[in-house]
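Working notes for the structure below.
Number of protein chains: 2
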Amino acid sequence: MENAAIKFISQFITLSKEEEEILLKLNLVKEFKKGTILLREGEMAKNCYLVLKGCIRSYYLVDGEEKIAEFYTEHQPVTPVSYTTQNPSEYYLETLEDCILSLGTPASTEELIKQFPRIETVSLLISNQLLVNSQVSFDNYRNLSPEQRYFKLLETRPDLCNRVPQYMLASYLGIQPQSLSRIRRRIKENKV
Amino acid sequence: MENAAIKFISQFITLSKEEEEILLKLNLVKEFKKGTILLREGEMAKNCYLVLKGCIRSYYLVDGEEKIAEFYTEHQPVTPVSYTTQNPSEYYLETLEDCILSLGTPASTEELIKQFPRIETVSLLISNQLLVNSQVSFDNYRNLSPEQRYFKLLETRPDLCNRVPQYMLASYLGIQPQSLSRIRRRIKENKV
């Protein structure tokens, strides 16, 4: 399973044999059952993650209602805001499927950088890419109609539409569940 | 004016005299008149910026209507999505005031990293901070009511409310200009 982390990093730079060994040695991989809360509102995030297998959601509780902020699936890094800011988390992280995750801590990251300095270059590339993704998602959310948002999701993350319950998708897209059902029905009818 | 760039980076690490000199030497500072289009939809972004003085907006043209995505003011870095992805820009960048900007290019960044390797550590810190800001802004936008969004803006960026035209603020907050006027009137009346 550790190979997934190496594969992920190899998208950005070519790893030497030595670097691969450092990664294998320092890479902490853990399994989590479906429905595990990885982080609660008010808690300090101690870990960042890389999803090797499975699906995680982040959500806020707003007046008792769950508001989904993000879904993280295979090969996506999960860096809670609280992990970066060292302020209590404002949202929850929960596994939606049985998951295999690679875990990072500030200490393990420091050790990794010490033994493998080039990882900083990779981290910067990843961070810049995540920043672009976050900005584009936000802009799409503001500029697109609910139906267009759903089409964009079908185009960019088609797997999500099958592995995540529809009411969660609706919350993520900022659409009423009934409206999402109508959109899906319309698409289906047009396809037949 | 170059000192502003050094001051900005000094928030993250303590610079040596030598590093300061490299920065001064490689730092390209330019002035732009109010109303200058720095980047157009469809163009490739050749520069990233650090705002030393002034205000820049980014906006999309959606069915002929301007949709404001962001305002950048003093000491904020501006990295267009197109600069990172090397795809044509989907939005415009325009100076809203006379501006003094520090300019970066892929070549100048490469040279900077070569002469001043620690800048990568700084870049990573900045990038992680920008990522957090982007995520929190997006989450606030989804979870807060229009009125709450305006309060959050007053709290986090009070200067914007005075230096940016009200109809642009409304677009940025995703509120009808009339609704924003109503909210502002209500606040004023409650304060008297």
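Chain order of the listed sequences is A and B.
Positions -6 to 185 (this note's numbering) are the ones given, in order, by the first sequence.
Positions -6 to 185 (this note's numbering) are the ones given, in order, by the second sequence.
Even for Gly, the Cβ is constructed at its ideal location relative to N, Cα and C.
- Query: Is the number of C-beta pairs between the stretch 79 to 93 of chain B and the stretch 43 to 51 of chain B that are closer than 8 angstroms three or more?
  - Reply: yes
- Query: Quick one: which chain B residues come within Cβ less than 8 angstroms of A:Thr114?
  - Reply: Glu113
- Determine, using beta-carbon pairs with one atom in the stretch 25 to 42 of chain B and one in the stretch 68 to 86 of chain B, whether at least three such pairs fall under 8 angstroms. yes
- So what does DSSP say about A:Met(-6), is it helix, strand or coil? With a pLDDT of 45 at A:Met(-6), under the threshold of 50, the predicted position of this residue should be treated as unreliable, though the coordinate-derived value follows. Under the three-state reduction of DSSP, A:Met(-6) is assigned to coil, being neither helix nor strand.
- Message: Going by DSSP in three states, A:Leu123 sits in which element: helix, strand or coil?
- Response: helix
- Partners in chain A for B:Asn40, counting only beta-carbon separations shorter than 9 angstroms: Here the premise fails: no neighbours, minimum Cβ distance about 15 angstroms.
- Starting from B:Thr88 and walking both ways along the beta strand (DSSP E), at which residues does that stretch end? Tyr85 to Thr88
- Message: Distance cutoff 8 angstroms, beta carbons only. Does B:Ala62 sit that close to anything in chain A?
- Response: yes
- By DSSP, does A:Pro170 sit in helix, in strand, or in coil? helix
- Message: Contact defined as beta carbons within less than 8 angstroms: I believe B:Leu123 pairs with B:Pro70. What is the distance between those atoms, to the nearest angstrom?
- Response: Right, the Cβ-Cβ distance comes to about 7 angstroms (below 8 angstroms), so this counts as a contact.
- Message: For a contact defined as C-beta to C-beta under 8 angstroms, what are the partners of A:Ser172 on chain B?
- Response: Within chain B, no residue has its beta carbon less than 8 angstroms from that of A:Ser172; the closest one is some 16 angstroms off.
- Say whether chain A places a C-beta atom closer than 8 angstroms to the C-beta of B:Asn131. The question names Asn, yet the displayed sequence has Phe at residue 131 of chain B. Interface residue, yes.
- If we count the other Cβ atoms within 10 Å of its Cβ and call it buried at 16 or more, is A:Gln4 buried or exposed? exposed
- Query: What does A:Thr77 touch in chain B if you count any residue whose Cβ is under 8 angstroms from its own?
  - Reply: Asn121, Gln122, Leu124 and Val125
- Coil, strand or helix - B:Ser138 by DSSP: coil
- Query: Are at least three pairs of beta-carbons, each pair with one atom in the stretch 106 to 119 of chain A and one in the stretch 138 to 154 of chain A, less than 8 angstroms apart?
  - Reply: no
- Task: For A:Glu63, I'd like the list of residues in its chain whose CB is within less than 8 angstroms of its CB, leaving aside the five on either flank, ordered along the chain.
- Result: Arg50, Ser51 and Tyr165
- Task: Out of B:Glu103, B:Asn136, B:Ser174 and B:Leu54, point me to the one whose CA is closest to B:Ser82's CA.
- Result: Comparing Cα-Cα distances from B:Ser82 to each of B:Glu103, B:Asn136, B:Ser174 and B:Leu54, the minimum goes to B:Leu54.
- Query: What's the gap between the Cα of B:Gly35 and the Cα of A:Leu137?
  - Reply: 19 angstroms
- Report the partner residues of A:Lys23 according to the DSSP bridge assignment. A:Leu94
- In this structure, what does DSSP give as the bridge partners for B:Pro70? B:Leu43
- Message: Counting C-beta neighbours from all protein chains within 10 Å, is the total for A:Thr98 16 or more, i.e. buried, or is it exposed?
- Response: Within a 10 Å sphere around the beta-carbon of A:Thr98 sit fewer than 16 other beta-carbons, which makes this residue exposed.
- Task: Taking only beta-carbon positions, decide if A:Arg33 is within less than 8 angstroms of chain B.
- Result: no
- Could you tell me if B:Ser9 is buried or exposed, where buried requires 16 or more neighbouring beta carbons within 10 angstroms of its beta carbon? Flag for B:Ser9 reads exposed.
- Could you tell me how far apart the beta carbons of A:Phe25 and A:Thr88 are, in whole angstroms, since I believe they sit closer than 8 angstroms? 5 angstroms
- Message: Please confirm whether B:Arg135 has its beta-carbon closer than 8 angstroms to some beta-carbon of chain A.
- Response: yes
- Query: At least one CB of chain A closer than 8 angstroms to the CB of B:Gly167: is that the case?
  - Reply: yes
- Rounded separation between B:Ile2 and B:Glu14 - CA only: 13 angstroms
- Give a yes or no on whether the C-beta atoms belonging to A:Glu12 and B:Glu113 are separated by under 8 angstroms. Contact annotation: A:Glu12 and B:Glu113 have beta-carbon atoms that are not nearer than 8 angstroms.
- Task: Assign B:Asp194 to buried or exposed, taking buried as 16 or more other Cβ atoms, counted over all protein chains shown, within 10 Å of its Cβ.
- Result: An answer regarding residue 194 of chain B cannot be provided, because it is not within the stretch -6 to 185 covered by chain B.
- Expected contact under 8 angstroms - CB spacing of A:Leu16 and A:Ile(-1) to nearest Å: 6 angstroms
- Query: Apart from the five residues just before and just after A:Lys133, which ones in its own chain have a Cβ nearer than 6 angstroms to its Cβ?
  - Reply: Before going further, note that residue 133 of chain A is Asn rather than Lys in the sequence given. The answer, listed in chain order, is Lys145.
- Item | Per DSSP, cross-strand counterpart(s) of B:Ser51 | B:Ser51 pairs with B:Glu63 and B:Leu86.
- Item | Residues of the stretch 82 to 97 of chain A whose Cβ lies closer than 8 angstroms to any Cβ of chain B, in chain order | Glu83 and Tyr84
- Applying the criterion that 16 or more other CB atoms from any shown protein chain within 10 Å of the CB defines a buried residue, is A:Thr149 buried or exposed? exposed
- For A:Glu34, which of helix, strand or coil comes out of DSSP? coil
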